[in-house]
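K.L.:
Just so we're aligned, residue 677 is where the sequence shown starts under the working numbering, counting upward by one. Sharing a structure with you now.
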Amino acid sequence: MIDLEGTLRIGEVARLAAVNIQTLRYYERRGILEQPERSPSGYRQYPVETVELVRTIKRAQKLGFSLDEIERLLRIREGGNGACTKARDVAANKLRLLNERIEELADVRRTLEELIRDCQPRRPAEDCRVLTAISNGATTGSL
């Protein structure tokens, strides 16, 4: 329930933003969320806008951004000229890293497919390509 000053308690923010209370406390410790004022009885009093900020953070995480990257994007969002270019650069870097990871995963898939294809049932452990590969520390591209 919003009080007369337009603030929300931590549980209300958590519920409205679909996160748990520990997430909000963590964001505070990291400095992503400003420390809220406290009521005379010690309850955190968050501005109503906190809900949308937390939702923004969660949407950015779904796009694969780390909290460090999100903090940078939030600082950029507060900036003026060139903000879009800076945000684009952060997103382009994330896309580059994502493409690299996809390539790594594709290599892993190809390696596993090759190991499975070459696996002969009923062989002893010392003749098993899968077991040999993991025992010898084989990585993608080294089979």
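Beta carbons: idealized from backbone N, C-alpha and C, even for Gly. Here the structure is a predicted model, which is why all the values come from computation and not from measurement.
Three-state secondary structure (DSSP) at residue 702?
P.N.:
It is helical.
K.L.:
Given this structure, state the Cα-to-Cα distance separating residue 724 from residue 744, to the nearest angstrom.
P.N.:
Each residue's Cα considered, the two are about 24 Å apart.
K.L.:
Might you give, ordered along the chain, the residues of its own chain that have their beta carbon closer than 6 Å to the beta carbon of residue 680, omitting 5 neighbours on each side?
P.N.:
Confidence in residue 680 is poor, its pLDDT being 46 and thus under 50, which makes the residue's placement unreliable; the coordinate value appears in the next sentence. So the list is empty, once near-sequence residues are dropped.
K.L.:
Can you give the Cα-Cα distance for residue 735 and residue 695, rounded to whole angstroms?
P.N.:
Answer to the nearest angstrom: the Cα atoms are 12 Å apart.
K.L.:
Could you check which residue in 748, 703 and 806 has the C-alpha nearest to that of residue 789?
P.N.:
Taking only the C-alpha atoms, the option nearest residue 789 is 806.
K.L.:
Note down, in chain order, each residue of its chain lying with its Cβ closer than 8 Å to the Cβ of residue 711, except the 5 sequence neighbours on either side.
P.N.:
Result list for residue 711: 704, in chain order.
K.L.:
Over the uninterrupted alpha helix (DSSP H) stretch that includes residue 753, give me the two end residues.
P.N.:
743 to 754 is the extent of the alpha helix (DSSP H) around residue 753.
K.L.:
Look at the Cβ atom of residue 683, then the Cβ atom of residue 722, and state whether they are nearer than 8 Å.
P.N.:
Cβ distance < 8 Å, so residue 683 and residue 722 count as in contact.
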